[in-house]
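Using the UniProt record's numbering, the letters of the sequence shown map in sequence onto residues 1 to 157.
Structure record follows, encoded as structure tokens.
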Amino acid sequence: MSIQENRLLIDQFYTAFAQKNAEAMNACYAKQAVFEDPAFGRLNDSEITSMWSMLIERGGKDLTVTHKILDVTNGKAKAQWTAVYPFSKTQRVVHNKITAEFIIEEGKIVYHKDHFNMWKWCSMALGLPGMLLGWSGFMKNKVRKTALSSLHKYIQK
1 MSIQENRLLI
11 DQFYTAFAQK
21 NAEAMNACYA
31 KQAVFEDPAF
41 GRLNDSEITS
51 MWSMLIERGG
61 KDLTVTHKIL
71 DVTNGKAKAQ
81 WTAVYPFSKT
91 QRVVHNKITA
101 EFIIEEGKIV
111 YHKDHFNMWK
121 WCSMALGLPG
131 MLLGWSGFMK
141 NKVRKTALSS
151 LHKYIQK
């Protein structure tokens, strides 16, 4: 795939996200894809598709997503994206700035890793408890455990 085709793939992915179209987002991934981020940890392909559907559903009409592609090479891409949404458990508004790295093979995303500041996320989503403890391993593990539990319940429904 060309650099331009890889750029188009990443743009299609985030445009679909902004349009709250999980099906179109998930079509950008290869079978056996892997996703990683600070909240969910490492997810496999079936978990990835459910995660995006769940996040779009929970974000509802208030979810907004913007993106900017930072770099694209043969087989790799890097983007910066922002999600603004009310956190479902507290209804506090989260304005999360994320840097994403992708590995692309045969026109599909095979690896996607999102990086963001967990302490800042905890502060926005959880308020004072997140501000005080969001830096700690305890809080990071609690967030991950809760995120994975929510995802697995969503998958089972």
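For every residue, glycine included, the Cβ atom is placed at its ideal position computed from N, Cα and C.
Residue 180 - containing beta strand (DSSP E), residue span:
Not covered by the structure: residue 180. The range shown for the chain is 1 to 157.
Could you have a look at Phe35 and say whether DSSP puts it in helix, strand or coil?
Numbered from its first residue, the sequence shown carries residue 35 at position 35. Reduced to three states, the DSSP call for Phe35 is strand.
Can you tell me whether Ala77 is helix, strand or coil according to DSSP?
What you label residue 77 is simply residue 77 of the sequence shown in a count that begins at 1. Of the three classes helix, strand and coil, the one that applies to Ala77 here is strand, per DSSP.
Determine the extent of the alpha helix (DSSP H) in which Gly127 is found, giving its start and end residues.
Translated into the one-based positions of the sequence shown, residue 127 becomes position 127. Careful: Gly127 lies outside any alpha helix (DSSP H) and carries neither H nor E.
Run through the region 12 to 60 for me and flag every whole alpha helix (DSSP H) of 4 or more residues, listed as ranges in chain order.
22 to 26, 45 to 59
Which residue or residues does DSSP assign as beta-bridge partners of Lys82?
For the purposes of this step, residue 82 is taken as the residue at position 82 of the sequence shown. Rather than Lys, the amino acid found at residue 82 in this sequence is Thr. Beta-bridge pairing links Thr82 to Thr66, Lys97.
Tell me, to the nearest whole angstrom, how far the beta carbon of Thr49 is from that of Ala18; I am working on the premise that it is less than 8 Å.
Within the sequence shown, numbered from 1, the residue matching residue 49 stands at position 49. Within the sequence shown, numbered from 1, the residue matching residue 18 stands at position 18. Actually they do not touch by this definition, with Cβ atoms about 18 Å apart.
Nearest-angstrom Cα separation, counted from Thr15 out to Met25
Here residue 25 refers to the residue found at position 25 of the sequence shown. Here residue 15 refers to the residue found at position 15 of the sequence shown. So the alpha carbons of these two residues sit roughly 8 Å apart.
Taking C-beta to C-beta, are Val93 and Ala30 nearer than 8 Å?
Numbered from its first residue, the sequence shown carries residue 93 at position 93. Numbered from its first residue, the sequence shown carries residue 30 at position 30. No.
Are the beta-carbon atoms belonging to Ala22 and Ala147 less than 8 Å from one another?
Here residue 22 corresponds to residue number 22 of the sequence shown, with the count starting at 1. Here residue 147 corresponds to residue number 147 of the sequence shown, with the count starting at 1. Result no, Cβ atoms of Ala22 and Ala147 do not sit closer than 8 Å.
Considering just the uninterrupted stretch of the alpha helix (DSSP H) at Gln156, what are its terminal residues?
On the sequence shown, residue 156 is found 156 positions in, with the first residue counted as 1. Looking at the DSSP string, the run of the alpha helix (DSSP H) that includes Gln156 is 137 to 156.
Give me the residue from Tyr85, Ser150, Arg7 with the minimum Cα distance to Thr64.
Mapped onto the sequence shown, residue 64 falls at position 64. With distances taken between Cα atoms, Thr64 lies closest to Tyr85.
Rounded separation between Pro129 and Lys142 - CA only
The sequence position of residue 129 within the sequence shown is 129, counting from 1. The sequence position of residue 142 within the sequence shown is 142, counting from 1. In a straight line, the C-alpha of Pro129 is about 12 Å away from that of Lys142.
Using only CA atoms, which one of Gly75, Gln91, Trp135 lies nearest to Asn6?
Looking up residue 6 in the sequence shown gives position 6. Answer by Cα proximity: Gly75.
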